[in-house]
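Here the structure is laid out as structure tokens; the discussion comes afterwards.
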């Protein structure tokens, strides 16, 4: 009985490729829009400020993770 049910249910794999292609195209579109807003709109100064502001907490968290791993 269980084998009959497994044989009757065939997964549709035709949407898998389309879904993956859609995600790739969407990612490329978002990348182009982000690049345009960053470089084309002269937001580079604000972006650089954000990167510098996040560098300190990033290194502190990286050190804590390193200490946690080395403790084990």
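In the working numbering, the protein residues as written are 27 to 98. Here a beta-carbon is modelled for each residue, glycine too, at the ideal position from N, C-alpha and C.
What residue range is occupied by the uninterrupted alpha helix (DSSP H) comprising residue 74?
Taking the chain shown and counting its residues from 1, the one referred to as residue 74 is at position 48. Unbroken alpha helix (DSSP H) run through residue 74: 70–97.
Express the C-alpha separation of residue 97 and residue 47 in angstroms, rounding to a whole number.
Counted from its first residue, the chain shown places residue 47 at position 21. Counted from its first residue, the chain shown places residue 97 at position 71. Approximately 43 Å between the Cα atoms of the pair.
Just the Cα atoms here: how many angstroms apart are residue 94 and residue 51?
Against the chain shown, residue 94 aligns to sequence position 68. Against the chain shown, residue 51 aligns to sequence position 25. If you take the alpha carbons of residue 94 and residue 51, they lie about 39 Å apart.
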